[in-house]
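In what follows, a single structure is set out as structure tokens and then discussed.
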Amino acid sequence: MSRVIIDLLRHGEVDGGLCLGRGCDVPLNARGWSQMRAMLPEHPPWTGIATSPLRRCAEFAGELAGRLGVELRVDERLGELGFGEWEGRPWSELYERHGGQLSDFQRRPDRSPAPDGEHYPDFETRVAAAWEELLGLPGGRHWLVVAHAGTIRAILRRVLEFPVTRLFGIDVPPACLSRIVRDGADAPRLVFHGGRP
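Counting the sequence shown from 1 gives a position; my numbering is that position plus 20.
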């Protein structure tokens, strides 16, 4: 029976306090790099790394894959949810001007997208396609997925099958690490969230 282990690592801190979705490509700040490096075990176990193409994920993933000499997959489907008109705007401004819309989005993202934003069911469909592809790769592998809070929540929702109304009941802070394991044909299971390898 082959085992697949997939670790999910959210990108570290970025500057600005802005709403950063699929359309905002900003790099990690110095603290963000430190946060991500601090999550690495002494002997990283990963046999492959998959990453969002956005710089806050891809630059760290590329550096790590090069250092470890492992396969790097840059996958558009792992990008963050598209926040439309909210992209790149300060969260403080959004809460002040669009507090009701933000609350609706957090309660029911499947019914309340950001203005001109990506619809949540479409987002989950694209993330699920990337996720299922990783799970279906031959042989026992240990993957690191470097992605975003929204992407990680979508994967956790798929694995744990909780209602979309509880999506924001899961905290995914910068450099948060989670592990999911699938043994053979068994259903994937969450081993830890917000832990260390």
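In this text, a Cβ means the ideal position worked out from N, Cα and C, and glycines have one as well.
query: For the candidate residues Leu-176, Pro-64, Pro-133, Trp-163, whose alpha-carbon lies nearest to that of Val-94?
result: Here residue 94 refers to the residue found at position 74 when the sequence shown is read from its first residue. It is Trp-163 whose Cα lies nearest to the Cα of Val-94.
message: Out of Thr-171, Gly-32, Pro-208, Leu-114, which one is the CA nearest neighbour of Arg-57?
response: In the sequence shown, residue 57 corresponds to position 37, counting from 1. If we check each option's Cα against that of Arg-57, Gly-32 comes out closest.
- prompt: According to DSSP, is Glu-91 helix, strand or coil?
  reply: The residue you call residue 91 lines up with position 71 of the sequence shown. DSSP places Glu-91 in strand when its eight states are reduced to three.
- request: For Gly-1, count neighbouring Cβ atoms within 10 angstroms of its own Cβ and tell me buried if that reaches 16, exposed if not.
  value: In this structure the chain extends from 21 to 217, so residue 1 is not present and cannot be described.
message: Can you find the residues in the same chain that come closer than 8 Å, C-beta to C-beta, to Glu-116, ignoring five residues on each side of it along the sequence?
response: In the sequence shown, the residue the question calls residue 116 occupies position 96. Cβ within range, chain order: n/a, list empty.
Euclidean distance between Cα positions of Arg-18 and Trp-151: Residue coverage of the chain in this structure runs from 21 to 217, which leaves residue 18 outside it and unanswerable.
message: For Pro-193, tell me which candidate among Cys-44, Glu-107, Met-59, Arg-42 has the shortest Cα-Cα distance.
response: The sequence position of residue 193 within the sequence shown is 173, counting from 1. Closest by alpha carbon: Met-59.
- request: Note the first and the last residue of the continuous beta strand (DSSP E) segment covering Thr-71.
  value: For the purposes of this step, residue 71 is identified with residue 51 of the sequence shown, where counting begins at 1. 68-71 is the span of the beta strand (DSSP E), which, as asked, contains Thr-71.
field: Outcome for Ser-198 when other beta-carbon atoms lying within 10 angstroms are tallied against a minimum of 16
entry: Numbered from 1 along the sequence shown, position 178 holds the residue referred to as residue 198. Buried, by the Cβ-count rule.
- request: Can you grab the Cα-Cα spacing for the pair Glu-138 / Val-211, in whole Å?
  value: For the purposes of this step, residue 138 is taken as the residue at position 118 of the sequence shown. For the purposes of this step, residue 211 is taken as the residue at position 191 of the sequence shown. So the two alpha carbons sit approximately 30 Å from each other.
field: At least 3 beta-carbon pairs within less than 8 Å: the segment 111-126 vs the segment 177-186
entry: Judged by Cβ distances under 8 Å, the segment 111-126 makes no contact with the segment 177-186, as fewer than three pairs qualify.
query: Pairing CB atoms from the segment 96-104 with CB atoms from the segment 167-174, are three or more of them under 8 Å?
result: yes
message: Can you check which of these residues, Asp-27, Arg-216, Ile-190, is closest to Gly-68 by C-alpha distance?
response: Locating residue 68 in the sequence shown gives position 48, counting from the first residue. Looking at the Cα atoms, Asp-27 is the closest of the given residues.
field: For Asp-203: DSSP bridge partner residues
entry: Walking along the sequence shown from the start, residue 203 turns up at place 183. Bridge partners of Asp-203: Arg-23.
task: Select from Pro-73, Pro-64, Gly-41, Pro-61 the residue whose C-alpha is nearest the C-alpha of Trp-106.
output: For the purposes of this step, residue 106 is taken as residue 86 along the sequence shown, with counting starting at 1. It is Gly-41.
task: Name the residue from Pro-65, His-63, Val-24, Ala-81 whose alpha carbon lies nearest to the alpha carbon of Leu-48.
output: Taking the sequence shown and counting its residues from 1, the one referred to as residue 48 is at position 28. Checking every option, the nearest Cα to that of Leu-48 belongs to Ala-81.
task: Could you name the residues of the same chain whose beta carbon sits closer than 7 Å to that of Ile-190, not counting the 5 residues immediately before and after it, in chain order?
output: Looking up residue 190 in the sequence shown gives position 170. Setting aside the 5 residues that flank it on each side, Ile-190 is surrounded in the same chain by Arg-173, Leu-176, each with a C-beta closer than 7 Å to its C-beta; the list follows chain order.
Simplified DSSP assignment, three categories, for Val-166: As a first step, residue 166 is located in the sequence shown; it is residue number 146 there, counting from the start. Looking at Val-166 - three-state DSSP - the assignment turns out to be strand.
message: Please return the same chain residues whose Cβ sits closer than 6 Å to the Cβ of Phe-188, not counting the five positions on each side in sequence.
response: Position 168 of the sequence shown holds residue 188. The answer, listed in chain order, is Gln-126.
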